[in-house]
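Undergrad:
Residue numbers (my numbering): 1031 to 1177.
1. Looking at the structure shown, is residue 1167 part of a helix, part of a strand, or coil, going by DSSP?
2. Cα separation between residue 1045 and residue 1094?
3. So, are the CB atoms of residue 1073 and residue 1169 less than 9 Å apart?
4. Taking the straight line between their C-alpha atoms, what separation do you get for residue 1057 and residue 1076?
5. Would DSSP call residue 1152 helix, strand or coil?
6. With distances taken between CB atoms, is the gap from residue 1136 to residue 1158 smaller than 9 Å?
7. Take residue 1115 and list the residues in its own chain whose beta-carbon comes closer than 6 Å to its own, dropping the five residues that flank it on each side.
8. Look up residue 1077 in the DSSP assignment and give the residues it is bridged to.
9. Taking only three categories from DSSP, how would you classify residue 1145?
10. In the stretch 1085 to 1134, which residue ranges form an unbroken alpha helix (DSSP H) of at least 4 residues, counting only runs that do not cross its ends?
11. Once you ignore the five residues that flank residue 1098 on each side, which residues in its own chain have a CB closer than 8 Å to its CB?
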């Protein structure tokens, strides 16, 4: 009986130690921690669509633990007057959520999102919008999607 108790105790201790060491090991972080995002930016996605030949790309990574979005927006074929990320589903207009501090391509930055913004971002309800003097309501748009 005593021998069975010692074996049971040793087994529990071994399992406990293994669980703790795995939890503390940073290499066990799940891939759900970071989400890769992208968008192709064109005039045809603008609401209403237009015939602009300007194009661009958005690439981003959202990290859940820090609630931060790291992004890069590159574009060509226009001189921007405003650029930002809006809340809004594809085909709809929405409010500005994240203004960009620079208008020079590539626009790069890191921003901490609210819980609501993170939810919108991860459910394909945000888009990049770049305005110009030719198209003051927005020349090109890219609906942000998870990769």
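Glycine residues also receive a C-beta, built at the ideal position from the N, C-alpha and C atoms.
TA: Quick look at the numbers:
1. coil
2. Per-residue confidence for residue 1045 stands at a pLDDT of 32, beneath the threshold of 50, marking its modelled position as unreliable; no derived number is given.
3. yes
4. Since pLDDT at residue 1057 reaches only 36, below the 50 mark, its modelled position is unreliable, and no value is offered.
5. helix
6. no
7. 1127, 1128, 1156 and 1158
8. Per DSSP, none; premise fails for residue 1077.
9. helix
10. none
11. 1092, 1140, 1141, 1142 and 1143
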